[in-house]
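Read in order, the letters of the sequence shown are residues 1 to 255 in my numbering.
Heads up, the beta-carbon is just placed ideally off N, CA and C, and yes, glycines get one too.
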Amino acid sequence: MSNFDLSGKVAVISGGSRGIGKAIAHAYAREGASVVISSRKSQNIMPAAEELNDEFPGRILGVVAHSGKQLDIQQLYETAIGEFGRIDIAVSNAATNPHFGPLLTAEESQWDKIFEVNIKGTYWFCKMAAAQMAKQGQGGKIIIISSIAGLKPSMMMGLYSVSKAAIIMLSKSLALELSGDNIQVNAIAPGFIKTRFSKILWDTESFRESIIKQTPAKRIGETEELTGIALYLASSASDFTTGAVFTVDGGFTLT
Ligand SMILES: NC(=O)c1ccc[n+]([C@@H]2O[C@H](COP(=O)([O-])OP(=O)(O)OC[C@H]3O[C@@H](n4cnc5c(N)ncnc54)[C@H](OP(=O)(O)O)[C@@H]3O)[C@@H](O)[C@H]2O)c1
């Protein structure tokens, strides 16, 4: 058995109806895990869960849960535990970007939204996962999807960048606090990946050209290119890895 094997493990992934979250869900299920995916909208999450269930029968569950709402997150975990009995892996992936523009033009309602979903929502998601993992007493894996925006500022993305930087420190602080429970906490910082979330960037010629020019790999990434690191961090292969941040960005942060 490879040390990347996830047989018998249970993973919860927020924002799993499409994009990076769905690609990670597919990779975990392929390696043997049961996977619970969540999103805000039933019309998005249920077809995604059904599609994955066709390939991995009985091992995928879709749950409607808003990642900025504490009660929704609690219900997400209760449903996951009710269905599969435990939580071994938690991937905080859902995020929002309510403001595309100069940081100094961000309104209070946009600050509130970004705090609610990207920062506090990630905190609740990790806190509840950690409580369950500690109760089970067999360790666990928490993975936070941050962004290169949390490492390097870029024009028009200031508010989002602040939130993504905050959850890198959340990840490191939790890594320290949870090491006694053998729970590893790590962050992934994707670069520009082709999803609906980033459509404005890859679908607008001037932005796309500028990104490609600044990326040593000379292209935009695909969601599947995040699955290798996500699998490593979910599996026993990463048992000595905690508090780290992994960029997957075609070298963008080098320039
Ligand atoms: N794409 C990139 O270039 C890129 C780069 C760096 C980091 N990231 C990060 O990667 C993560 C995933 O993004 P993505 O590009 O895969 O986006 P995506 O394709 O738009 O998928 C986002 C997912 O999150 C769900 N979602 C959105 N808001 C939510 C909320 N408040 N509560 C629960 N679910 C919610 C969406 O479903 P519903 O609409 O049904 O809720 C969907 O399943 C995010 O944390 C993003 O910041 C992306």
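{"Check": "F56 versus Y28: straight-line alpha-carbon distance, rounded", "Outcome": "11 Å"}
{"Check": "Euclidean distance between Cα positions of A237 and I183", "Outcome": "13 Å"}
{"Check": "Rounded separation between V64 and G82 - CA only", "Outcome": "15 Å"}
{"Check": "Per-residue burial, G85 [other beta carbons within 10 Å of its own, 16 or more giving buried]", "Outcome": "exposed"}
{"Check": "Helix, strand or coil at K58 [DSSP, three-state]", "Outcome": "Inspection of the sequence shows that residue 58 is occupied by Gly rather than by Lys. Three-state DSSP puts G58 in coil, outside helix and strand."}
{"Check": "Y123 versus E50 - alpha carbon distance", "Outcome": "29 Å"}
{"Check": "DSSP state of N118 mapped onto helix, strand, coil", "Outcome": "helix"}
{"Check": "Cβ-heavy atom distance, G15 to ligand 1, below 7 Å", "Outcome": "yes"}
{"Check": "Buried or exposed (CB count within 10 angstroms, at least 16 for buried), P47", "Outcome": "exposed"}
{"Check": "Where L138 falls: helix, strand or coil (DSSP)", "Outcome": "It is Gln, not Leu, that sits at residue 138 in the sequence shown. Q138 falls in the coil class under three-state DSSP."}
{"Check": "Whole-angstrom distance between A106 and S147, CA atom to CA atom", "Outcome": "20 Å"}
{"Check": "At least 3 beta-carbon pairs within less than 8 Å: the stretch 135 to 150 vs the stretch 186 to 199", "Outcome": "yes"}
{"Check": "Contact under 8 Å by Cβ, D181 with M133", "Outcome": "yes"}
{"Check": "I60 CB to nearest heavy atom of ligand 1 below 7 Å", "Outcome": "no"}
{"Check": "Heavy atom of ligand 3 within 7 Å of S67 beta-carbon", "Outcome": "Ligands present in the displayed structure are limited to ligand 1, and ligand 3 is not among them."}
{"Check": "Three or more C-beta pairs below 8 Å linking the stretch 195 to 207 and the stretch 158 to 165", "Outcome": "no"}
{"Check": "Through-space distance from T241 to F115, alpha-carbon basis", "Outcome": "28 Å"}
{"Check": "Nearest candidate by alpha-carbon position, reference I229, set Q110, D112, G21 and Y160", "Outcome": "G21"}
{"Check": "Assigned secondary structure, S42 (DSSP; H/G/I helix, E/B strand, else coil)", "Outcome": "helix"}
{"Check": "Contacts around Q136, its chain only, beta-carbon distance under 7 Å, and the 5 residues preceding and following it disregarded", "Outcome": "R86"}
{"Check": "Rounded straight-line distance, which links the Cα of H66 to that of A90", "Outcome": "16 Å"}
{"Check": "For V185 and A80, believed in contact at Cβ under 8 Å, the rounded distance", "Outcome": "Between V185 and A80 the Cβ distance is about 19 Å, and since that is not below 8 Å, they are no contact."}
{"Check": "Close-in-space but distant-in-sequence residues of the same chain around P102 (CB under 8 Å, 5 per side omitted)", "Outcome": "M155, M156 and G158"}
{"Check": "Close beta carbons around F246, own chain, < 8 Å, minus the five adjacent residues each side", "Outcome": "N186, A187, I188, A189, I229 and L233"}
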